[in-house]
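Below: one structure, written as structure tokens.
Number of protein chains: 2
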Amino acid sequence: MAQYLELDGVFLALADPTRRAVIHRLGRGPASVGELAGEATMTLPSFMKHVRMLESTGLIHTAKSGRVRTCELNRERFAVVENWLAQQRRLWEERTDRLERFVIASTEDPT
Amino acid sequence: MAQYLELDGVFLALADPTRRAVIHRLGRGPASVGELAGEATMTLPSFMKHVRMLESTGLIHTAKSGRVRTCELNRERFAVVENWLAQQRRLWEERTDRLERFVIASTEDPT
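Chains X and H, in that order, are what the protein sequence lines are.
According to the UniProt record's numbering, the first sequence is numbered sequentially starting from 1.
According to the UniProt record's numbering, the second sequence is numbered sequentially starting from 1.
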């Protein structure tokens, strides 16, 4: 159940262009909330909601030093998405293998 | 912009355990709405909303024959998620390479 909820949160976090833009920017290295907000076309409070959501799902970490809050990507967190996708892919490959075996068995010379 | 909206829809579709369960089941092969709904713990109209959302994002195809609607996974659709993840991963690797070059340059014997 915990993994289900984790996936819900992470996929939901990725379902928004502002949040994906933050992830994309942080892929190049840490940045302050101010820098990140400067690239977004919304008010700071609206932008902060996106930052908080990314943080709550564990996709980013943030830390405050004086008046500056710095955000950093938590790459490991992307594993929940990648593992889920890999799991689906394994199912598809197993199915392809089964179909292949079926076709070979059906076309083998019955004599 | 079109790709942005595509990603929004696909990630949102994946942010729900019922919809992920449908995708998981269809990974083993096509199934009727009736079969799929039997595994879910909700009314058929509620379940159909999930099916329609998966169909609208292109993650599944459905076709009606008589009274039976059959659902099939559209594996190609997962490429939008995989491409986006691969794009982020490339950024991270470029950053690691830059850091590595920086560390090597900083530690090289200056004599």
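For each residue, glycine too, the CB sits at the ideal point set by N, CA and C.
Indicate the three-state DSSP secondary structure (helix, strand or coil) for residue i in the structure shown.
| i | result |
| --- | --- |
| H:Asp97 | helix |
| H:Thr18 | helix |
| residue 144 of chain H | Any property of residue 144 of chain H remains undetermined from this structure, which presents chain H solely from 1 to 111. |
| H:Gly58 | coil |
| H:Met1 | Annotation note: pLDDT 48 at H:Met1 (below 50); position unreliable, coordinate value reported separately. If DSSP states are grouped into helix, strand and coil, H:Met1 belongs with coil. |
| X:Glu108 | coil |
| X:Arg90 | helix |
| X:Arg28 | coil |
| H:Ala40 | coil |
| X:Arg77 | helix |
| H:Arg67 | coil |
Alpha carbons only, please: which of the options is nearest the one belonging to residue i?
| i | options | result |
| --- | --- | --- |
| X:Leu54 | X:Ser106, X:Thr96, X:Leu99, X:Ala15 | X:Ala15 |
| H:Gly38 | H:Ala21, H:Arg52, H:Gly29, H:Gly27 | H:Ala21 |
| H:Arg77 | H:Glu35, H:Leu59, H:Arg52 | H:Leu59 |
| H:Glu72 | H:Gly29, H:Leu44, H:Ser106 | H:Gly29 |
| H:Val10 | H:His50, H:Thr43, H:Met42, H:Leu44 | H:His50 |
| X:Gly74 | X:Val68, X:Thr62, X:Leu85 | Before going further, note that residue 74 of chain X is Asn rather than Gly in the sequence given. Ranking the options by Cα distance to X:Asn74, first place goes to X:Thr62. |
Quick check: the Cα distance between residue i and residue j, rounded to an integer number of angstroms?
| i | j | result |
| --- | --- | --- |
| X:Leu91 | H:Ser56 | 23 Å |
| residue 142 of chain H | H:Pro17 | Limits of chain H in this structure are 1 at one end and 111 at the other, which puts residue 142 of chain H out of reach. |
| X:Glu94 | H:Gly27 | 9 Å |
| X:Gly66 | H:Gly34 | 58 Å |
| H:Ala40 | H:Arg52 | 15 Å |
| X:Ala79 | X:Glu108 | 42 Å |
| H:Lys64 | X:Val81 | 32 Å |
| X:Thr96 | H:Trp84 | 25 Å |
Would you mind giving the Cβ-Cβ distance between residue i and residue j, rounded to the nearest angstrom? I have them listed as a contact below 8 Å.
| i | j | result |
| --- | --- | --- |
| X:Ser32 | X:Thr70 | 5 Å |
| H:Ile23 | X:Gln88 | 7 Å |
| H:Arg25 | H:Leu12 | Not a contact, Cβ separation roughly 20 Å. |
Quiz item: Which residues, taken in chain order from the segment 68-89 of chain H, show a beta carbon closer than 9 Å to some beta carbon of chain X?
Solution: Correct list: Leu73, Arg75, Phe78, Val81, Glu82, Trp84, Leu85, Gln87, Gln88, Arg89.
Exercise. Give, in chain order, every residue of the segment 17-33 of chain X whose Cβ lies closer than 8 Å to some Cβ of chain H.
Key: Listed by position, the residues of the segment 17-33 of chain X near chain H (Cβ gap below 8 Å) are Pro17, Arg20, Ile23, His24, Gly27, Arg28, Gly29.
Self-check item: Residues of the segment 5-17 of chain X with Cβ closer than 9 Å to any Cβ of chain H, in chain order
Solution: Residues of the segment 5-17 of chain X with a C-beta atom less than 9 Å from some C-beta of chain H are Leu5, Leu7, Asp8, Gly9, Val10, Phe11, Leu12, Ala13, Leu14, Ala15, Asp16, Pro17, listed in chain order.
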